[in-house]
Every structure is written in C-alpha cells, then in structure tokens.
Amino acid sequence: MFQAIYYKFVESPLLLRIFTIAVFFIILFGTAVHLIEPNTFPTVFEGIWWAVVTASTVGFGDFAPKTTAGRLLGIGLIFAGAGFLSAYFINLAAAAVSLQNSLQEGRAIYTNKNHLVIIGWNERTKEIIDHLCTLPFSRHVVLVDESLRTNPYSEKIVHFIQGAPYKDVTLRKANIKEAATALITSDQNKNEMHADMSSILTLVAVKGSNPALHCIVEILTNDQVVNAKRAGADEVIQTNKHASSVMLSSIQQEGASSSLMHLIDPKNGGFLKSITPELEWNNTTFGELAIILLKNRVLLIGIQRAGNITINPPLNFKISLSDQLLVIKH
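Here the sequence shown is numbered in the UniProt record's numbering, starting from 1 and rising by one per residue.
This is the structure we're talking about:
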C-alpha cells in the first residue's frame, strides 16, 4: 500500500508534490512545537498556525518558542518549510506563465463545445472575426493556422491552434468533434490549384473526424467545386466567381459594385437569408408576399424551389410551402 501511494506521489504534477511536502512539514513542525512547548502552544492548531506564519516568512510574533529546542525547531522550519513554500509559489507562477504562452502560441487544447472553427489566416478571415466580435452573442471562434506563430486576437475572443489543419492531432486540439461549424478558407500562399487541393484535403480530414459537422469551404477554381462537394462540403464558396460577377456588374453599370457590397455587407444591417414560408403564405403570389414582408423591413428577392433559384420571379408566381424564400433581412 505504501509503495502504491509512493508511486502515485511520484507520478503526480510537480506543483502538487511541492504543495504536499510543504503541508507535511507545516503539520509536522506544528505538532512538534506543541509537544515541545505545550505552555506556549496549548493546542496543535496554534502550533500549525505558528508553522504557517513562520514558513511563509510573515512572522506575526503572537507565538514564539521560548526554549532552545523550540527555537532550533523554528530554524529548521525556516530552512525546510519556507524553501518548499517558496518553490511552490515560484512553480505556480511559472505554470501560469506557461499556460499563457501555450494559449498565445497555439499549443493549448480547446475544450468547449458548439464553436466555430475557422481554418486559415488571411484578410477574409480577419474580416469575418472582426465582424463576429461586434455581435452581442457571437459564437466563440477557434482559429487553426500553420503559418501563424502567435494568436492575433485576445484569448477571450479567439482560441488559436497552431498546426497543419489536415492532421488529426491539430483537429483534436481544436475539438473538431464537438464543433458546430467549420469554415475552410483558401491558402493565400499557394497557387489556385494547389490551394484548392489543400482545402479539399483539409475538408476530408475534418469530415473524417466529424461527419455531421457543417462545413463551408472556399474554392478558387471551377474544376474543383465538384470534388469539394464529393469530399462532403455542405457549402462551397467560389471566391473568384463571386468577384468576377461583381466586376462584370461594374463593367455593365458604373457604381454597381459599391451598391452590391453595401447591400450584402452585414455591417450595414442587412443579412441575406433563406427562410421557410409560413402556413398562411401558401399559394400567395410573389408580389403579394413581397408587400407583406416589406412591412417588417424584409426584402423578398427570390425563390428557391427544388434546388433551382429564381431571382425576381414574375409577380403572379405562386408560393409553395416547400419553397425557400430568399430575403434581405435587417
């Protein structure tokens, strides 16, 4: 039994071992001084009190040994107990600094649930996180990146994981199995084809760790969109295609890009959403429903039916309960 206790003690964390030794010495010396000088220290508790204030170098002076044996015991306590207490507080401070460094350098494991995992650090990621920080009840973000060396944000806002996102050990640190959503952004340091290949590889690793996770992946080339969907992407963001559409609109109509960006920018209060029709809207025309929604500052812009999206359909277009309404909602 003693051997089992000894092995448990040896295998315990250093801070716990030092603290245990310090407590042992305080109890030992407190009991000993009570036995040596029962008149000065009437109870064991008063002996322990003296041992605590002596070992911590406070020394209130309300209790002090009067005999030579008691004073020799006090000298031994100062050398032994004070040393262990000092070592304990030094290691406690070192552990706090080490924890802070591990959080800042992306080595600490994330343990919470229902978080947003963003993979890749770039200007788009920064814009997303900056906007999420302005929301009153934003979901906590876990940022995973291999190129960063320190967390660009406070640990209260973003938990940083440093490492290759396609490796299981990195995904485990991000607690990917209990995440709510994953956003995989394109690597800006690679050419478009290699960036897409890297994004799909990361997507495969993420889906392998958590098949039910909602994954949004950024793809730059049209050829890789199909592969991203095959790999399990729930949503594919074609950055180059979207940017080209905005540029084409600007070519055809001056100032169109500014209007479009203002329209879809969440910072301006507008959110492009897909909502399910209410029961009383069944067989309502597009024009009638648009007027109903406008009263609540909701702009109806299109209908999604059976996977096909129709923007600004005819006013007499009949709404079905199986449709999805594309709206801009404040």
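Glycine included, C-beta positions come from ideal geometry on N, C-alpha and C.
Pull up the CB-CB distance for residue i and residue j, whole angstroms please, since I reckon it's below 8 Å.
i      : j      : result
Leu299 : Ile275 : Their Cβ separation, rounded to whole angstroms, is 12 Å, which puts Leu299 and Ile275 out of contact at 8 Å.
Phe271 : Pro313 : Rounded, the Cβ-Cβ distance is 21 Å, inconsistent with contact.
Leu77  : Phe29  : 4 Å
Arg139 : Leu103 : The pair is not a contact, with the Cβ atoms about 19 Å apart (cut-off 8 Å).
Thr185 : Gly120 : 4 Å
Gly74  : Thr43  : Not quite, the Cβ-Cβ distance comes to about 18 Å (not below 8 Å), so this is no contact.
Just to confirm, is the Cβ distance from residue i to residue j under 8 Å?
i      : j      : result
Val225 : Val236 : yes
Leu201 : Tyr153 : no
Ile219 : Asp196 : yes
Val141 : Val169 : no
Asn210 : Lys177 : yes
Leu171 : Ala205 : yes
Tyr110 : Ala180 : no
Ile118 : Leu203 : no
Pro277 : Ile311 : no
Gly232 : Lys273 : no
Trp50  : Val33  : yes
Leu326 : Asn282 : no
Arg71  : Glu105 : no
At which residues does the alpha helix (DSSP H) containing residue i begin and terminate?
i      : result
Gly255 : Segment: none, Gly255 is in no alpha helix (DSSP H) and carries neither H nor E.
Leu171 : Asp168 to Lys173
Thr310 : No alpha helix (DSSP H) contains Thr310, which is instead part of the beta strand (DSSP E) from Asn308 to Ile311.
Ala182 : Premise fails: Ala182 lies in the beta strand (DSSP E), Thr181 to Ile184, not in any alpha helix (DSSP H).
His115 : Run containing His115: none; DSSP gives neither H nor E here.
Leu289 : Phe286 to Leu294
Ile176 : Here Ile176 belongs to no alpha helix (DSSP H), and DSSP marks it neither H nor E.
Phe45  : Val44 to Ala55
For the beta strand (DSSP E) containing residue i, name the first residue and the last one.
i      : result
Ile301 : Val298 to Arg305
Ile131 : Checking the displayed sequence, the identity of residue 131 turns out to be His instead of Ile. That residue, His131, is in no beta strand (DSSP E); its alpha helix (DSSP H) goes Glu123 to Thr134.
Phe63  : Taken as a continuous stretch (DSSP letters only), Phe63 belongs to no beta strand (DSSP E), as it is neither H nor E.
Phe160 : Val158 to Gln162
Asp145 : Val141 to Asp145
Ser274 : Phe271 to Ile275
Leu326 : Gln324 to Lys329
Using a Cβ-Cβ distance cut-off of 8 Å, determine whether residue i contacts chain C.
i      : result
Ile109 : The displayed structure is made up of one protein chain only, and chain C is not part of it.
Can you determine whether any heavy atom of the ligand COA sits closer than 7 Å to the C-beta of residue i, and answer yes or no?
i      : result
Thr185 : The ligand COA is not part of this structure, which contains no ligands at all.
(message) Restricting to runs no shorter than 4 residues, where is the alpha helix (DSSP H) found entirely within the stretch 187 to 244?
(response) 192 to 209 and 225 to 230
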